[in-house]
Ligand SMILES: NC(=O)c1ccc[n+]([C@@H]2O[C@H](COP(=O)([O-])OP(=O)(O)OC[C@H]3O[C@@H](n4cnc5c(N)ncnc54)[C@H](O)[C@@H]3O)[C@@H](O)[C@H]2O)c1
Ligand SMILES: N[C@H](C(=O)O)[C@H](O)COP(=O)(O)O
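Now the structure itself:
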């Protein structure tokens, strides 16, 4: 019998958000293109969802296309769309850890995470992390991971992630930027086959500091660091004025833009392609993708949530798994 690649594990995310609804829509729309299973409580799926409980991930292959394979994870309470229920917070966290166990033990090819509501997890279960990215780094035992958001027209990386704007200038350091550049370049080669990625680096300050008139980090250390790394073979542009590096012509000149902070990176991509954007974590020892949107509590339960970003995230996770398998066959 031909060996089949393990399926992708899709976590349920916040049960009161749009996660369960877009998972149910994705299984219908994808028509079996990507083998995946959903980990969560079937009571949290929209009532009309056609699903089949499985006992182990490989059983996802026995479920007909269009029917959602569910690895059951019972929660304390049902979910009311759009309404936070702190009783379910720990279950959301446990499902992520369970997915990571499955990928670490080779039962899943990668994980795709549905959106979590960080404040509900913090208030309901003392979740100590600002997001999946940091939690997954901890579960994987790695010090530095990189958040990248990607769509067909743009890839962006925030060098600092979920921190207050007032802390950015202190935490955006030469060490952080260098590590981010190294991980990003490595993963773009490994997972996307880009031999020598062209990397644009955004300045921290308006107009990249305008020669020191509007901030000095570019002169103090960014130029020097980039020159050193260019000497090591990296293809780096910048520091570039952040406001003018994202228009369509400018985007042709690079494969990825590394920015100083969260919104500098995420505003352009969510503006260009909110429905098609994917959040992918680089530097992990396993594959993890996610839709770029959040829990959308305001529209949960209305049946109007768009599954495109989740579908793109599942496609990306599967493509990455296929590429890794091909590379390890070489
Ligand atoms: N991967 C993740 O876990 C993730 C990602 C982003 C945000 N979040 C969290 O989600 C929560 C809500 O964040 P937010 O309100 O800033 O962003 P959001 O993405 O949840 O919502 C922003 C807007 O986009 C709409 N929207 C979102 N997803 C949609 C979809 N699939 N189809 C149609 N419309 C959609 C919403 O209705 C809302 O108007 C926060 O707790 C945030 O931290 C989690
Ligand atoms: N910063 C992400 C975004 O706005 O899309 C989001 O919060 C998700 O982050 P995690 O993947 O770390 O949960």
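In the numbering used here, the protein residues as written are 48 to 377. Glycine residues also receive a C-beta, built at the ideal position from the N, C-alpha and C atoms. The structure presented is a predicted model; accordingly, all values stated were derived computationally and were not measured.
Legend entry - Euclidean distance between Cα positions of residue 49 and residue 317: Taking the chain shown and counting its residues from 1, one reaches residue 49 at position 2. Taking the chain shown and counting its residues from 1, one reaches residue 317 at position 270. At residue 49 the pLDDT is 48, less than 50, meaning the model places this residue with poor confidence and gives no usable figure here.
Inset, instruction - With a threshold of 16 other CB atoms inside 10 Å of the CB of residue 80, please say whether the residue is buried or exposed. - result: What you label residue 80 is simply residue 33 of the chain shown in a count that begins at 1. Around the beta-carbon of residue 80, fewer than 16 other beta-carbon atoms lie within 10 Å, marking it exposed.
Legend entry - Any 3 or more C-beta pairs closer than 8 Å across the stretch 300-318 and the stretch 190-207: Yes, the stretch 300-318 touches the stretch 190-207.
Inset, instruction - Figure out for me which residue from 142, 198, 101 and 83 has the closest Cα to the Cα of residue 340. - result: Translated into positions along the chain shown, residue 340 becomes position 293. Comparing Cα-Cα distances from residue 340 to each of 142, 198, 101 and 83, the minimum goes to 198.
Inset, instruction - Could you tell me which residues DSSP pairs with residue 174 in its beta bridges? - result: The sequence position of residue 174 within the chain shown is 127, counting from 1. DSSP, once it has assigned bridges, lists no residue as partnering residue 174.
Inset, instruction - Could you name each continuous beta strand (DSSP E) segment of 3 residues or more that falls completely within the stretch 335-363, going from the start of the chain to the end? - result: 335-338
Legend entry - Element boundaries [beta strand (DSSP E), containing residue 67]: As a working note, residue 67 is residue 20 in the chain shown. Per DSSP, residue 67 belongs to no beta strand (DSSP E); it is in the alpha helix (DSSP H), 66-77.
Legend entry - Spatial neighbours of residue 72 in its chain, beta-carbon cut-off 6 Å, leaving aside the 5 residues before and after: The residue you call residue 72 lines up with position 25 of the chain shown. If we look at residue 72 and ignore the five residues flanking it on each side, its Cβ neighbours are 354.
Inset, instruction - Excluding the 5 residues preceding and the 5 following residue 227 in the sequence, name in chain order all residues of the same chain whose CB lies nearer than 7 Å to its CB. - result: Sequence index remark: in the chain shown, residue 227 carries index 180 (1-based). Excluding sequence neighbours, residue 227 sits near 193, 204, 206 and 305.
Inset, instruction - Please go through the stretch 249-315 and give each complete alpha helix (DSSP H) segment of 4 or more residues, from N-terminal end onward. - result: Residue ranges of uninterrupted alpha helix (DSSP H) with 4 or more members, entirely inside the stretch 249-315 and ordered along the chain, are 270-278 and 295-298.
Legend entry - Between the CA atoms of residue 308 and residue 358 - distance to the nearest angstrom: Within the chain shown, numbered from 1, the residue matching residue 358 stands at position 311. Within the chain shown, numbered from 1, the residue matching residue 308 stands at position 261. Roughly 27 Å between the two C-alpha positions.
Legend entry - Where the alpha helix (DSSP H) containing residue 227 begins and where it ends: The residue given as residue 227 occupies position 180 in the chain shown. Where residue 227 is concerned, the enclosing alpha helix (DSSP H) stretches over 221-239.
Legend entry - Three-state secondary structure assigned by DSSP to residue 100: As a position in the chain shown, residue 100 is number 53, starting the count at 1. Correct three-state label for residue 100: strand.
Legend entry - Near ligand 1: residue 166 beta-carbon under 7 Å from a heavy atom: On the chain shown, position 119 is the one that residue 166 refers to. Correct: residue 166 has its Cβ closer than 7 Å to ligand 1.
Inset, instruction - Output the residue ranges of the alpha helix (DSSP H) runs that lie fully inside the stretch 135-172 and measure 4 residues or longer, sorted by chain position. - result: 136-151 and 165-172
Inset, instruction - Return the Cβ separation of residue 155 and residue 63 in integer angstroms, given the expectation that the two are a contact with Cβ distance under 8 Å. - result: Here residue 155 is taken as the residue at index 108 of the chain shown, counted from 1. Here residue 63 is taken as the residue at index 16 of the chain shown, counted from 1. Not a contact, Cβ separation roughly 25 Å.
Legend entry - Length of the line joining the Cα atoms of residue 150 and residue 140: To locate residue 150, count along the chain shown from 1; it is residue 103. To locate residue 140, count along the chain shown from 1; it is residue 93. Those two C-alpha atoms are separated by around 16 Å.
Legend entry - For residue 203, the first and last residue of its enclosing beta strand (DSSP E): Counting from 1 along the chain shown, the entry for residue 203 is found at position 156. Residue 203 -> beta strand (DSSP E) spans 201-205.
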